[in-house]
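Enquirer: So the protein sequences, as listed, match chains C and G. Every number in my numbering is 33 more than the matching position in the first sequence, counting from 1. Every number in my numbering is 927 more than the matching position in the second sequence, counting from 1. The C-beta atom is built at its ideal place from N, Cα and C for all residues, glycine as well. Given the structure is predicted, the values throughout are model-derived calculations rather than measurements.
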Amino acid sequence: MKILIVDDFSTMRRIIKNLLRDLGFTNTHEADDGNTALPMLQSGNFDFLISDWNMPGMTGIDLLRAVRADANLAAMPVLLVTAESKREQIIEAVQAGVNGYVVKPFTAATLEEKINKIFSRVAA
Amino acid sequence: MLQGSIDERRIDMARELLALLEAGRNEQADAQLTQMCGEMDAALFQEVGRLTRELHEAMNGFLLDDRVSEIALHEIPDAAERLRYVITTTEQAAHATLNAVEKSLPLAGELSSGAETLGEAWDRFRERRMTVSDFKSMSEDISRFLDLARGHSKVLHAELSEVLMAQGYQDITGQIIKRVIKLVEDVEGRLVNLVRITGSRYQQHKDHDDPAILEGPVVPGINQGSVVEGQDDVDDLLSSLGF
Chain C
34 MKILIVDDFS TMRRIIKNLL RDLGFTNTHE ADDGNTALPM LQSGNFDFLI SDWNMPGMTG
94 IDLLRAVRAD ANLAAMPVLL VTAESKREQI IEAVQAGVNG YVVKPFTAAT LEEKINKIFS
154 RVAA
Chain G
928 MLQGSIDERR IDMARELLAL LEAGRNEQAD AQLTQMCGEM DAALFQEVGR LTRELHEAMN
988 GFLLDDRVSE IALHEIPDAA ERLRYVITTT EQAAHATLNA VEKSLPLAGE LSSGAETLGE
1048 AWDRFRERRM TVSDFKSMSE DISRFLDLAR GHSKVLHAEL SEVLMAQGYQ DITGQIIKRV
1108 IKLVEDVEGR LVNLVRITGS RYQQHKDHDD PAILEGPVVP GINQGSVVEG QDDVDDLLSS
1168 LGF
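See below:
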């Protein structure tokens, strides 16, 4: 399982990376915005994308749209982990094809639950 | 008092106008009407003049205020620098904490698995199911484990102290942010004055329900539109959307 973590704050990337390691996912890579993440996704054989929303350069929602628009990436599960908490934004993310939505601050248990849910759905 | 005498004068003029119209003296009636309108215009011009003077004086007062130039030239740039420092400080503290956690977790794991292994051997010994050679090997394991525990607990203690010390960022950043809040409140007072002078032209509020505007983390006491109250709310909303 190869996972890309996208967040402009390196501390948040580390927190997510550590939580994922605890869950047994050790093959994680990092990017600091959508512009850096997209070429990595296109060439890197990633299985799963975890992204923040509000980032300089390309935002998480634009990255999600770019992933869904790319025939090779369209089926990739995407989890948004973000401080953005407006209902309209959550609806917008769902319409853009997100697989899960976690609001910051979050707990390790929440992240685990959402990831498990996404994978059980993908497997089904 | 003054207003009362103006009203009486207007009533008198209106009565005269009515009398002239009823008497069919149209020319005089027109003259009377023109005079009445002229007086209204004069009052309006006077009022506009007074407001213009007030605005001019207030703007001059605002621009010449030493505090304003101090705020614009030094305090706002300083505040921006302070807030950038807050980001740096909190980032360093988070990394220091994460470093300590990353070093500590494997040590805790080693202690746990060492104790597990020794525990099994110890149980066999207590149940007298142990050969002499196994006993020798266990006693060597025990002294190795004691050395490991001594070393690891020292490191764990040091790492936890790092975590403890890293929390000092809260004090530093709290003080910096308080200063910036004070400046924002000062500027707010001055802006409110300016808005009061220029009247109610700027009534439009930010549209908090525009999904294109990113509000960032939810802050209690700030209107950020229709926001969810934690993960449970997000889950409810998602399931209502068929998730």
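Drop a sphere of 10 angstroms on the beta-carbon of methionine 149 of chain C, count the other beta-carbons inside from all chains shown, and report buried for 16 or more, exposed for fewer.
Expert: Just to set this straight, residue 149 of chain C is asparagine in the shown sequence, not methionine. The residue in question, asparagine 149 of chain C, is exposed, as its Cβ has fewer than 16 Cβ neighbours within 10 Å.
Enquirer: So who's on the other strand from glutamate 63 of chain C, going by DSSP bridges?
Expert: Answer by DSSP bridge pairing, in chain order: C:Ile38.
Enquirer: Assuming valine 1161 of chain G contacts valine 136 of chain C under a Cβ cut-off of 8 angstroms, what Cβ separation, rounded to an integer in Å, is found between them?
Expert: Contact holds; Cβ gap of about 6 angstroms.
Enquirer: Can you pull the chain C neighbours of leucine 1010 of chain G, defined as C-beta to C-beta under 8 angstroms?
Expert: Chain C residues near leucine 1010 of chain G: none, gap ~15 angstroms exceeds 8 angstroms.
Enquirer: Quick one: measure Cβ to Cβ for lysine 147 of chain C and glutamate 1142 of chain G, integer angstroms, because I've assumed they're closer than 8 angstroms.
Expert: With a Cβ gap of about 22 angstroms, lysine 147 of chain C and glutamate 1142 of chain G do not count as contacting.
Enquirer: With distances taken Cα to Cα, identify the nearest neighbour of glutamate 1008 of chain G among G:Thr1100, G:Lys1063, G:Met1065, G:Asp934.
Expert: The option with the nearest alpha carbon to glutamate 1008 of chain G is G:Thr1100.
Enquirer: From G:Trp1049, G:Phe1170, G:Val1114, pick the residue whose C-alpha is nearest to that of aspartate 993 of chain G; which is it?
Expert: Closest option to aspartate 993 of chain G, Cα to Cα, is G:Val1114.
Enquirer: How should methionine 91 of chain C be labelled, buried or exposed, when 16 other C-beta atoms within 10 angstroms of its C-beta is the threshold for buried?
Expert: With 16 or more Cβ atoms within 10 Å of its Cβ, methionine 91 of chain C is classed as buried.
Enquirer: Can you name the residues that DSSP bridges to serine 153 of chain C?
Expert: Serine 153 of chain C pairs with nothing; no bridge assigned.
Enquirer: Please name the residue or residues paired with isoleucine 83 of chain C in a DSSP beta bridge.
Expert: Answer by DSSP bridge pairing, in chain order: C:Ile38, C:Leu112.
Enquirer: My understanding is that leucine 82 of chain C touches alanine 99 of chain C, with C-beta atoms under 8 angstroms, so please give their C-beta distance in whole angstroms.
Expert: No, leucine 82 of chain C and alanine 99 of chain C are not in contact; Cβ-Cβ is about 11 angstroms, not under 8 angstroms.
Enquirer: Is histidine 62 of chain C near methionine 73 of chain C, with beta carbons less than 8 angstroms apart?
Expert: Contact flag set, yes.
Enquirer: Does proline 1138 of chain G have its Cβ less than 8 angstroms from a Cβ in chain C?
Expert: Closer than 8 angstroms: yes.
Enquirer: Assign glycine 67 of chain C to buried or exposed, taking buried as 16 or more other Cβ atoms, counted over all protein chains shown, within 10 Å of its Cβ.
Expert: Burial call: buried.
Enquirer: Using the beta-carbon count (16 or more within 10 Å), is glutamate 88 of chain C buried or exposed?
Expert: Correcting the residue identity first, residue 88 of chain C is methionine in this sequence and not glutamate. It counts as buried.
Enquirer: What first and last residue would you give for the beta strand (DSSP E) that runs through glycine 133 of chain C?
Expert: Segment 133-136, the beta strand (DSSP E) holding glycine 133 of chain C.
Enquirer: Determine, using beta carbons only, whether serine 1031 of chain G comes closer than 8 angstroms to chain C.
Expert: So no, serine 1031 of chain G is outside the interface.
Enquirer: First and last residue of the alpha helix (DSSP H) that includes glutamate 1047 of chain G?
Expert: Unbroken alpha helix (DSSP H) run through glutamate 1047 of chain G: 1003-1053.
Enquirer: Per DSSP, valine 1154 of chain G forms a beta bridge with which residues?
Expert: C:Lys119, per the DSSP bridge assignment.
Enquirer: To the nearest angstrom, how far is it from the Cα of glycine 93 of chain C to the Cα of alanine 129 of chain C?
Expert: Looking at the two C-alpha atoms, the distance is approximately 11 angstroms.
Enquirer: Would you mind sorting glutamate 117 of chain C into buried or exposed? The rule is 16 or more other CB atoms within 10 Å of its CB.
Expert: Classification of glutamate 117 of chain C: buried, given that the 10 Å Cβ count is 16 or more.
Enquirer: Quick one: which chain G residues come within Cβ less than 7 angstroms of arginine 98 of chain C?
Expert: Going along chain G, no residue has its Cβ under 7 angstroms from arginine 98 of chain C, so there is no contact; the nearest lies around 14 angstroms.
Enquirer: Apply the 10 Å Cβ neighbour rule to tyrosine 1096 of chain G and answer buried if 16 or more other Cβ atoms are within range, or exposed otherwise.
Expert: Counting Cβ neighbours within 10 Å, tyrosine 1096 of chain G comes out buried, since at least 16 surround it.
Enquirer: So, with DSSP's three-state summary, where would you put arginine 1056 of chain G?
Expert: Three-state result, arginine 1056 of chain G: coil.
Enquirer: So, is arginine 47 of chain C buried or exposed, given that buried needs 16 or more other C-beta atoms within 10 angstroms?
Expert: Buried, by the Cβ-count rule.
Enquirer: Just how far apart, CA to CA, sit threonine 69 of chain C and isoleucine 151 of chain C?
Expert: Cα-Cα distance, rounded: 24 angstroms.
Enquirer: What three-state label does DSSP hand asparagine 78 of chain C in the structure shown?
Expert: Three-state result, asparagine 78 of chain C: coil.
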